[in-house]
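Undergrad:
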Amino acid sequence: MASTLVAVALTTAPAAHAVSAPDPATAQSAAALVVTLRYDDSRATGWEAAVTAGVASWNANVDNVKLVRVSPGARAEIQIVATSGWPQATLGPVRPGGQARVELGSQAVTQGHDKTRIAAHEIGHNLGLWDTKPGPCSQLMSGSSAGTSCRNALPNATEQARVEAAYAAGAASRIPTDGRVLVDAG
Ligand SMILES: [Zn+2]
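Reading the sequence shown from the start, the letters are residues -18 to -1, 1 to 168 in mature numbering (1 follows the signal peptide of the UniProt record, and there is no 0).
What follows is the structure, given as structure tokens:
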């Protein structure tokens, strides 16, 4: 992989600088280390907008991992489904080729909790974040403990940093996926 990237960098760099300029290769290697995780939300009926917004919240606030939607039935690390129970999710950090699940449970909606915050929170578990309950609305992972008036779906700086660390260059080999299921019962 690395040798391929070097070859690309060399062929796209001006010939006169190809030998003396290692920086393009370094930059391309860093970009290539962004982890892409695919998700299938075709069974998240009624949660489509919340999933889209929750995913956008993560993609806009972390750099080392990106979430990409796939067509139903395509290979995906993250399966997102709607249920009639409590929201719950597999604790990650899920890796490429791994398996994680988000259950968007309607009981939390019945209680009055915001659907986008729920979706972003449960995806946060897949990305390796624990609950931080009780906690303020400014924390995404404080979940239901912030109350039904809380509609914040943005991870705060600490939460962003934890996810960035879990998906930083080389972290895939150092930090194992947890795999247990965290239930967000209200
Ligand atoms: Zn939770």
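For every residue, glycine included, the Cβ atom is placed at its ideal position computed from N, Cα and C. Nothing here was measured: the structure is a model prediction, and the numbers come from that model.
Hey, out of Leu86, Val76, Gly106, whose CA is closest to Ala31's CA?
TA: For this step, residue 31 is matched to residue 49 along the sequence shown. If we check each option's Cα against that of Ala31, Leu86 comes out closest.
Undergrad: Would you mind reading off the limits of the alpha helix (DSSP H) that contains Val37?
TA: Position 55 of the sequence shown, counted from the start, is the residue given in the question as residue 37. Val37 -> alpha helix (DSSP H) spans 30 to 43.
Undergrad: What distance in whole Å lies between the Cβ atoms of Ser24 and Ala102, which are believed to be in contact at a cut-off of 8 Å?
TA: Here residue 102 corresponds to residue number 120 of the sequence shown, with the count starting at 1. Here residue 24 corresponds to residue number 42 of the sequence shown, with the count starting at 1. Contact doesn't hold; Cβ gap of about 19 Å is too wide.
Undergrad: Tell me whether Pro116, by its Cβ, gets closer than 8 Å to a heavy atom of ligand 1.
TA: Here residue 116 refers to the residue found at position 134 of the sequence shown. Result no, Cβ not under 8 Å from ligand 1.
Undergrad: Any heavy atom of ligand 1 closer than 8 Å to the beta-carbon of Leu164?
TA: Counting from one through the sequence shown, the residue named residue 164 turns up at place 182. Yes.
Undergrad: Should Asp113 be counted as a contact of ligand 1 given a C-beta to heavy atom distance under 8 Å?
TA: Within the sequence shown, the letter at position 131 stands for residue 113. Yes, Cβ of Asp113 sits closer than 8 Å to a heavy atom of ligand 1.
Undergrad: Out of Arg51, His107, Val33, which has the shortest C-alpha to C-alpha gap to Gly166?
TA: Counted from its first residue, the sequence shown places residue 166 at position 184. Inspection of the sequence shows that residue 166 is occupied by Asp rather than by Gly. Ranking Arg51, His107, Val33 by CA distance to the CA of Asp166 puts His107 first.
Undergrad: Should Glu104 be counted as a contact of ligand 1 given a C-beta to heavy atom distance under 8 Å?
TA: By 1-based counting over the sequence shown, the position of residue 104 is 122. Yes, Cβ of Glu104 sits closer than 8 Å to a heavy atom of ligand 1.
Undergrad: Drop a sphere of 10 angstroms on the beta-carbon of Gln121, count the other beta-carbons inside from all chains shown, and report buried for 16 or more, exposed for fewer.
TA: For the purposes of this step, residue 121 is taken as residue 139 along the sequence shown, with counting starting at 1. Buried, by the Cβ-count rule.
Undergrad: Between which residues of its own chain and Ala151 is the CB-CB distance below 6 Å, once the five residues before and five after are set aside?
TA: Within the sequence shown, numbered from 1, the residue matching residue 151 stands at position 169. Only Leu15 meet the Cβ criterion.
Undergrad: From this set, Ala58, Ala71, Gln93, which residue's C-alpha is nearest Gly80's C-alpha?
TA: Start at 1 with the first residue of the sequence shown, and residue 80 comes out as number 98. Of the candidates Ala58, Ala71, Gln93, the one whose C-alpha sits nearest the C-alpha of Gly80 is Ala58.
Undergrad: Determine the contact status of Ala26 and Ala135, defining contact as a CB-CB distance below 9 Å.
TA: Here residue 26 refers to the residue found at position 44 when the sequence shown is read from its first residue. Here residue 135 refers to the residue found at position 153 when the sequence shown is read from its first residue. Result no, Cβ atoms of Ala26 and Ala135 do not sit closer than 9 Å.
Undergrad: State the DSSP-derived secondary structure class of Ala64, mapped to helix, strand or coil.
TA: As a position in the sequence shown, residue 64 is number 82, starting the count at 1. Of the three classes helix, strand and coil, the one that applies to Ala64 here is strand, per DSSP.
Undergrad: Would you identify the three-state DSSP class for Gln70, choosing helix, strand or coil?
TA: On the sequence shown, residue 70 is found 88 positions in, with the first residue counted as 1. In the displayed model, Gln70 falls within a strand according to three-state DSSP.
Undergrad: Run through the stretch 76 to 122 for me and flag every whole beta strand (DSSP E) of 3 or more residues, listed as ranges in chain order.
TA: 82 to 87
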